[in-house]
Amino acid sequence: MRSLIAKFYDPMIVVLLLATALANVLPATGEARAAAQIIANIGVFVLFLVNGMRIRRSEILAGFANWRFFGPLSLWVFGAMALAGLALSHFAALHLNPLVALGFLFLGCLPSTIQSATSYTSIAGGNIALSVVGAALINIAGVFITAPLFALLAGSEAASLGNEVIIRIGIILILPFMIGQAVQGWTFDWVSARKAKIVWLDRIVIGVLVYVAFSGAVEQGLATMFSGRGWAMFIALTAGFVLVANGAAWLASGALGYPRGDRIAFLFAAAQKSVAIGAPLAAIMFAPEVAGFVIAPLLLYHLLQLFLAAPLASHFSQFETQPR
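Count along the sequence shown from 1, then add 1434; that gives the number in our numbering.
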């Protein structure tokens, strides 16, 4: 039992729980929150700089060349999932806080997470190379696509992508990634040798972002804004989204005629959602007192997708995959 828990244990779950708990007990307010936001922005810049260093340009080009996989994956992540998030947000608005309901649309527009998607693909015996390239490309595309897609679907009354937001996305997310790509020839080996430490950079930066966002939400009364029925509805809607997303992604990969290994890679890259992109974007697009509400569905979805991915990967690993 202990070995099974160790196999599927993800420290990100602990980081997210600690960040939200700390925000509830000791939220950052006033000048402290402003200082924490500056630290978070610096962390995001460094994080995307390192991302640019560690994603090979050859992998990016290989992914664009494999349109039979990357094309449907892109349409699924930024098309089907975004529309599902839009529909769910309209339904949630009838029962939940409007900003939390809007968070389901934000969740639907986000790309997949690289780390857990590739890890669970590996455990499940899927096409690891395809998973790495597909998830990496979807994340890169998400930096450019998620914000305008969200603004388009949310409508001008709910969200606007002003010049200030565009400039901040460019400076904090896109610029460091491009710098990382430019210096990759000199830095790739150094970054690769420190992979374990860099994973903790991801977790710490995301933890700070979540703490800042939830501090604003706690200050606005997040804990007392829902009734018990409201919390039950929130959890049920998020869990339903996770289950439907995974089931539909598996069926879609079968309809596309992918071999089993490719179907597994498609499943984990298509149904999972990235806190590593979602938290920085939310911090840039929304004020802290708004961001905490908007990312609430993302955080719960992320936790639930990890709990679901473990038994799925274990199930798939029991069967021999088709040659890739």
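All C-beta atoms, glycine included, are put in the ideal place defined by N, C-alpha and C.
**Report entry** Range of the contiguous alpha helix (DSSP H) that encloses residue 1621
**Finding:** 1618-1627
Query raised in the report: Whose CA, out of 1483, 1641, 1583, lies closest to the CA of residue 1450?
Result: 1641
Query raised in the report: Taking DSSP as the reference, what is the three-state secondary structure of residue 1530?
Result: The three-state reading of DSSP puts residue 1530 in coil, since its state is none of H, G, I, E or B.
Query raised in the report: Can you give the Cα-Cα distance for residue 1736 and residue 1456, rounded to whole angstroms?
Result: 19 Å
Report task. Using the Cα positions of residue 1731 and residue 1485, report the straight-line distance between them to the nearest angstrom. Result -> 25 Å
Report task. Classify residue 1515 as buried or exposed, calling it buried when 16 or more other Cβ atoms lie within 10 Å of its own Cβ. Result -> buried
Query raised in the report: Which one of 1752, 1567, 1707, 1739 has the shortest CA to CA distance from residue 1504?
Result: 1567
Query raised in the report: Roughly how many angstroms lie between the CA atoms of residue 1591 and residue 1694, to the nearest whole one?
Result: Since pLDDT at residue 1591 reaches only 49, below the 50 mark, its modelled position is unreliable, and no value is offered.
Query raised in the report: Going by other Cβ atoms of all chains shown within 10 Å of its Cβ, with 16 needed for buried, is residue 1679 buried or exposed?
Result: When all chains shown are included, residue 1679 counts as buried.
Query raised in the report: Is residue 1703 closer than 8 Å to residue 1518 when the C-beta atoms are compared?
Result: no
Query raised in the report: If you drop the 5 nearest sequence neighbours on each side, which residues of the same chain put their C-beta closer than 7 Å to that of residue 1725?
Result: 1647, 1650, 1716, 1717
Requested in this report: Go through its chain and collect everything with a Cβ distance to residue 1564's Cβ below 7 Å, but skip five positions before and after it.
Outcome: 1503, 1696, 1699
Query raised in the report: Under three-state DSSP, which class holds residue 1546?
Result: DSSP places residue 1546 outside both helix and strand once states are collapsed to three, so it counts as coil.
Report task. Indicate the three-state DSSP secondary structure (helix, strand or coil) for residue 1463 in the structure shown. Result -> coil
Query raised in the report: Per DSSP, what kind of secondary structure is residue 1638 in: helix, strand or coil?
Result: In the three-state scheme derived from DSSP, where H, G and I count as helix and E and B as strand, residue 1638 is classed as helix.
Report task. Name the two residues that bound the continuous alpha helix (DSSP H) containing residue 1511. Result -> Run containing residue 1511: none; DSSP gives neither H nor E here.
**Report entry** For residue 1482 and residue 1671, believed in contact at Cβ under 8 Å, the rounded distance
**Finding:** The Cβ separation is near 31 Å, so there is no contact.
Requested in this report: Would you mind giving the Cβ-Cβ distance between residue 1522 and residue 1668, rounded to the nearest angstrom? I have them listed as a contact below 8 Å.
Outcome: Taking a contact as a CB-CB distance under 8 Å, the pair residue 1522 and residue 1668 does not count as one, their CB atoms being some 11 Å apart.
Query raised in the report: So what's residue 1591 in DSSP terms, helix, strand or just coil?
Result: Below a pLDDT of 50, predicted positions are generally treated as unreliable, and residue 1591, at 49, falls in that range; no measurement from the model is reported.
Query - residue 1710 and residue 1683 closer than 8 Å at C-beta - result: no
Requested in this report: Would you identify the three-state DSSP class for residue 1697, choosing helix, strand or coil?
Outcome: helix
Requested in this report: Flag this pair as yes or no: are the beta carbons of residue 1488 and residue 1626 separated by less than 8 Å?
Outcome: In contact: residue 1488 and residue 1626 (Cβ atoms closer than 8 Å).
Report task. Would you grab the beta carbon distance between residue 1572 and residue 1610 for me? Rounded to a whole angstrom, and I think it's under 8 Å. Result -> The Cβ separation is near 19 Å, so there is no contact.
Query raised in the report: What is the C-beta distance between residue 1615 and residue 1491, in whole angstroms, given that I count them as a contact (C-beta under 8 Å)?
Result: Right, the Cβ-Cβ distance comes to about 6 Å (below 8 Å), so this counts as a contact.
**Report entry** Contact set for residue 1536: own chain, Cβ-Cβ below 7 Å, skip 5 residues either direction
**Finding:** The residues are 1523, 1588, 1592, 1728.
Query raised in the report: Helix, strand or coil: which one does DSSP assign to residue 1631?
Result: helix
Query - residue 1506, buried or exposed, once every other Cβ within 10 Å from all chains shown has been counted against 16 - result: buried
Query raised in the report: Going by beta carbon distance, what residues of the same chain come within less than 7 Å of residue 1447, once the five residues before and after it are set aside?
Result: 1737, 1740
Report task. Determine the direct distance from the alpha carbon of residue 1681 to that of residue 1513, and round the result to whole angstroms. Result -> 16 Å
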